[in-house]
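Numbering (our numbering), first residue to last: 1 to 351.
First comes the structure, then the notes that go with it.
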Amino acid sequence: MRSWTGRSRDWRRGDDIPSIIEVKDLVKVYNGDIRAVDGINFAVEEGEIFGFLGPNGAGKTTTISMLTTLLLPTEGQAFVGGKDVVKHATEVRRMIGLVPQELTVDDELSGRENMMLQADLYDVPKKEAKERIDNLLKMVKLDDASERMVKTYSGGMRKRLEIAEGLIHRPRVLFLDEPTLGLDVQTRAAIWEHIRFLRTEYKMTILMTTHYLEEADNLCDRIALIDHGKLVALDTPETLKRSLGGDVISLSLDKDEDLSAAFMEVSGALDVRRDGKDYRIKVLKGDSAIGPLVKIATERGAAVTTIKLDRPNMDQVFLEYTGRSFRDDDQKSKTDMMGRMAQARMNERRR
Numbered sequence: 001m002r003s004w005t006g007r008s009r010d011w012r013r014g015d016d017i018p019s020i021i022e023v024k025d026l027v028k029v030y031n032g033d034i035r036a037v038d039g040i041n042f043a044v045e046e047g048e049i050f051g052f053l054g055p056n057g058a059g060k061t062t063t064i065s066m067l068t069t070l071l072l073p074t075e076g077q078a079f080v081g082g083k084d085v086v087k088h089a090t091e092v093r094r095m096i097g098l099v100p101q102e103l104t105v106d107d108e109l110s111g112r113e114n115m116m117l118q119a120d121l122y123d124v125p126k127k128e129a130k131e132r133i134d135n136l137l138k139m140v141k142l143d144d145a146s147e148r149m150v151k152t153y154s155g156g157m158r159k160r161l162e163i164a165e166g167l168i169h170r171p172r173v174l175f176l177d178e179p180t181l182g183l184d185v186q187t188r189a190a191i192w193e194h195i196r197f198l199r200t201e202y203k204m205t206i207l208m209t210t211h212y213l214e215e216a217d218n219l220c221d222r223i224a225l226i227d228h229g230k231l232v233a234l235d236t237p238e239t240l241k242r243s244l245g246g247d248v249i250s251l252s253l254d255k256d257e258d259l260s261a262a263f264m265e266v267s268g269a270l271d272v273r274r275d276g277k278d279y280r281i282k283v284l285k286g287d288s289a290i291g292p293l294v295k296i297a298t299e300r301g302a303a304v305t306t307i308k309l310d311r312p313n314m315d316q317v318f319l320e321y322t323g324r325s326f327r328d329d330d331q332k333s334k335t336d337m338m339g340r341m342a343q344a345r346m347n348e349r350r351r
């Protein structure tokens with residue numbers, strides 16, 4: 001298992017880069033023994049899409065709940081726009097938007113009525129609210145369905161309405177908690193398009209949680225890997241993948257002859273492992289190494305029966321930093337933990 005030394009641009013480095021979110025030694029303990037968030041540190045720059053990647057129960061939603069003032073930290077500090085989320089909670093709420101994991105829109109109202117209700121909550125003047133609502137509904141492609149009752153909406157339409165609601169007061173920071181959870185591939189792609197548009201058009205800072213690996217890889221400028229409440233890595237997707245050390249070429253020959261030494265002579269070869277006729281070769285650049293490897297095998301009188309190129313992906317990154325596959329959790333213990341955390345959150349919010 002790798003350890004993380006905070007090599008990315010976090011608050012400890014003191015860079016002169018504006019950070020709109022700063023998290024310092026943040027801890028959240030439920031019921032005295034469930035350490036849902038365990039001393040995490042990171043900073044988010046203004047205008048970036050910052051991703052929290054981790055399995056269910058890793059601490060993603062708890063972190064967002066503290067940053068959006070819904071939960072009080074047990075220890076540590078967090079700042080949004082320079083404001084302490086505990087001491088200046090009201091000011092923080094006015095500069096952020098939140099699209100929660102659970103759908104909160106009212107089924108018995110129309111899409112437009114839901115939007116008007118949200119505008120009233122943020123004291124947006126009526127005339128201005130109407131213009132904003134028209135623009136937002138058009139942006140999320142719900143303008144044609146704006147007068148329909150939300151109970152007639154699909155899951156993807158409801159999620160798009162939630163995103164529009166989170167933008168009605170023009171927040172500086174938008175928090176998205178599992179924005180595409182349970183949606184089909186086409187709807188997820190549409191949500192990705194909206195997220196990119198928000199950053200490009202409004203220079204908005206977006207912090208999103210997800211457990212979809214490709215979503216974090218495609219959308220985020222930087223990714224924080226969180227597991228069991230701890231931050232185990234933080235960097236750009238490309239840097240995290242490059243940290244694994246190269247591409248992997250798997251090939252099989254028709255002869256049981258050891259060509260390991262010859263394969264290691266290929267430019268960019270880092271490691272060769274052999275199991276009979278099968279080879280696993282780590283190289284710096286897979287595309288440029290395939291040809292020379294096949295040529296060596298042919299010159300030695302062996303035919304390549306199968307060949308496969310695997311590039312580093314986020315699942316392999318998670319495996320490298322945690323020692324286990326991203327989805328290799330014990331389902332029962334994970335479900336039990338999530339249930340206990342959900343009950344604890346509910347009890348805390350009732351106080």
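Glycine included, every Cβ here is placed at the ideal spot set by N, Cα and C.
May I ask you to report which of helix, strand or coil DSSP gives Gly229?
-> Residue 229 sits at position 229 when you count from the first residue of the sequence shown. Three-state result, Gly229: coil.
Counting pairs of beta carbons, one from the region 217–227 and one from the region 187–202, are three or more of them closer than 8 Å?
-> By the Cβ test, the region 217–227 is in contact with the region 187–202, since at least three Cβ pairs between them sit closer than 8 Å.
Under a three-way DSSP split, which group does Ser267 fall into?
-> Sequence index remark: in the sequence shown, residue 267 carries index 267 (1-based). Note: Ser267 maps to coil in three-state DSSP.
Under 9 Å between the Cβ atoms of Ile21 and Val173?
-> In the sequence shown, the residue the question calls residue 21 occupies position 21. In the sequence shown, the residue the question calls residue 173 occupies position 173. The Cβ atoms of Ile21 and Val173 lie closer than 9 Å to each other.
Roughly how many angstroms lie between the CA atoms of Ala43 and Met66, to the nearest whole one?
-> Residue numbering aside, residue 43 sits at position 43 when the sequence shown is read from its first letter. Residue numbering aside, residue 66 sits at position 66 when the sequence shown is read from its first letter. If you take the alpha carbons of Ala43 and Met66, they lie about 15 Å apart.
What three-state label does DSSP hand Ser75 in the structure shown?
-> Within the sequence shown, numbered from 1, the residue matching residue 75 stands at position 75. Per the sequence shown, residue 75 should be read as Glu rather than Ser. For Glu75, the three-state secondary structure derived from DSSP is strand.
Tell me, please, which residues DSSP counts as bridged to Ala43.
-> By one-based count along the sequence shown, residue 43 stands at place 43. Paired residue(s): Glu22.
Within the chosen definition, does the region 283–300 reach the region 256–271 through at least 3 CB pairs nearer than 8 Å?
-> They touch, by the three-pair rule.
With Val317 as the anchor, note down where its beta strand (DSSP E) starts and where it stops.
-> Along the sequence shown, read from residue 1 onward, the residue named residue 317 stands at position 317. It is not in any beta strand (DSSP E) - Val317 instead sits in the alpha helix (DSSP H) that spans Met314 to Thr322.
Is it right to say Val124 is buried, meaning 16 or more other beta carbons lie within 10 angstroms of its own, or is it exposed?
-> The residue given as residue 124 occupies position 124 in the sequence shown. So Val124 ends up on the buried side.
For the region 183–190 against the region 33–40, are there 3 or more C-beta pairs whose distance is under 8 Å?
-> Touching, no.
Is the CB-CB distance between Leu176 and Thr209 below 9 Å?
-> The count along the sequence shown starts at 1 and reaches residue 176 at position 176. The count along the sequence shown starts at 1 and reaches residue 209 at position 209. Yes.
Per DSSP, what kind of secondary structure is Leu117 in: helix, strand or coil?
-> Counting from one through the sequence shown, the residue named residue 117 turns up at place 117. DSSP places Leu117 in the helix class (H, G or I) of the three-state scheme.
Proximity winner among Arg274, Asp254 and Ala269, relative to Asp287 (alpha-carbon distances) = If you number the sequence shown from 1, residue 287 lands on position 287. With distances taken between CA atoms, Asp287 lies nearest to Ala269 out of Arg274, Asp254 and Ala269.
Alpha carbon to alpha carbon, how far is Ser110 from Ser250? Give it in angstroms, no decimals.
-> For the purposes of this step, residue 250 is taken as the residue at position 250 of the sequence shown. For the purposes of this step, residue 110 is taken as the residue at position 110 of the sequence shown. Distance between the alpha carbons of Ser250 and Ser110 is about 55 Å.
Can you tell me the Cβ-Cβ gap for Leu161 and Val105, rounded? I've got them flagged as a contact below 8 Å.
-> The residue given as residue 161 occupies position 161 in the sequence shown. The residue given as residue 105 occupies position 105 in the sequence shown. Cβ-Cβ separation between Leu161 and Val105: approximately 6 Å, consistent with a contact (criterion under 8 Å).
Please say whether Leu98 and Gly51 have beta carbons closer to each other than 9 Å?
-> As a working note, residue 51 is residue 51 in the sequence shown. As a working note, residue 98 is residue 98 in the sequence shown. No. Outside cutoff.
In angstroms, rounded to a whole number, what distance separates the CA positions of Gly39 and Ala58?
-> Position 39 of the sequence shown, counted from the start, is the residue given in the question as residue 39. Position 58 of the sequence shown, counted from the start, is the residue given in the question as residue 58. Each residue's alpha carbon lies about 13 Å from the other.
For Arg242, which three-state DSSP category applies?
-> Within the sequence shown, numbered from 1, the residue matching residue 242 stands at position 242. Per DSSP, reduced to three states, the secondary structure at Arg242 is helical.
What first and last residue would you give for the alpha helix (DSSP H) that runs through Asp184?
-> Taking the first residue of the sequence shown as 1, we reach residue 184 at position 184. Counted as a single uninterrupted DSSP element, the stretch harbouring Asp184 is not any alpha helix (DSSP H), since DSSP gives it neither H nor E.
Is Met208 helix, strand or coil when you go by DSSP?
-> As a position in the sequence shown, residue 208 is number 208, starting the count at 1. Met208: strand per DSSP, three-state reduction.
Length of the line joining the Cα atoms of Lys282 and Asp258 | As a position in the sequence shown, residue 282 is number 282, starting the count at 1. As a position in the sequence shown, residue 258 is number 258, starting the count at 1. When rounded, the separation of the alpha-carbon atoms in Lys282 and Asp258 is 17 Å.
Is Val150 near Gly76, with beta carbons less than 9 Å apart?
-> Here residue 150 is taken as the residue at index 150 of the sequence shown, counted from 1. Here residue 76 is taken as the residue at index 76 of the sequence shown, counted from 1. Contact check for Val150 against Gly76 fails: the beta carbons are separated by 9 Å or more.
Report yes or no: is there a C-beta of chain C within less than 9 Å of the C-beta of Met66?
-> The structure shown contains no chain C; it holds only a single protein chain.
Ile121 to Lys241, Cα distance in whole Å?
-> The count along the sequence shown starts at 1 and reaches residue 121 at position 121. The count along the sequence shown starts at 1 and reaches residue 241 at position 241. For the record, residue 121 in the displayed sequence is Leu; it is not Ile. Roughly 43 Å separates the two Cα atoms.
Would you give the residue range spanned by the alpha helix (DSSP H) that Gly156 belongs to?
-> In the sequence shown, the residue the question calls residue 156 occupies position 156. It spans Gly155 to Gly166 - the alpha helix (DSSP H) in which Gly156 sits, taken as one unbroken run.
CB of Asp278 within 9 Å of CB of Ser260, strictly | As a position in the sequence shown, residue 278 is number 278, starting the count at 1. As a position in the sequence shown, residue 260 is number 260, starting the count at 1. Against a cut-off of 9 Å, the Cβ pair of Ser260 and Asp278 comes out as no contact.
Contact set for Thr180: own chain, Cβ-Cβ below 6 Å, skip 5 residues either direction = The residue given as residue 180 occupies position 180 in the sequence shown. So the qualifying residues of the chain are Arg188 and Ile191.
Does the Cβ of Met116 lie closer than 8 Å to at least one heavy atom of the ligand FMN?
-> Judged by which ligands are present, the structure shown has none, so any question about the ligand FMN falls away.
With Val99 as the anchor, note down where its alpha helix (DSSP H) starts and where it stops.
-> Here residue 99 refers to the residue found at position 99 of the sequence shown. If you look at Val99, you'll find it isn't in any alpha helix (DSSP H); it sits in the beta strand (DSSP E) that goes Ile96 to Val99.
Do Ile133 and Met115 have their C-beta atoms within less than 9 Å of each other?
-> As a working note, residue 133 is residue 133 in the sequence shown. As a working note, residue 115 is residue 115 in the sequence shown. Their beta carbons are under 9 Å apart, which means Ile133 touches Met115 by this criterion.
Helix, strand or coil for Leu253, going by three-state DSSP, please let me know.
-> Indexing the sequence shown from 1 puts residue 253 at position 253. In the structure shown, Leu253 falls within a strand segment according to DSSP collapsed to helix, strand and coil.
Just mark Asp330 as buried or exposed, buried being the case when its beta carbon has 16 or more other beta carbons within 10 Å.
-> Within the sequence shown, numbered from 1, the residue matching residue 330 stands at position 330. At Asp330 the pLDDT is 38, less than 50, meaning the model places this residue with poor confidence; the figure from the coordinates comes in the next sentence. Flag for Asp330 reads exposed.
So what does DSSP say about Ala303, is it helix, strand or coil?
-> Here residue 303 refers to the residue found at position 303 when the sequence shown is read from its first residue. Three-state DSSP puts Ala303 in coil, outside helix and strand.
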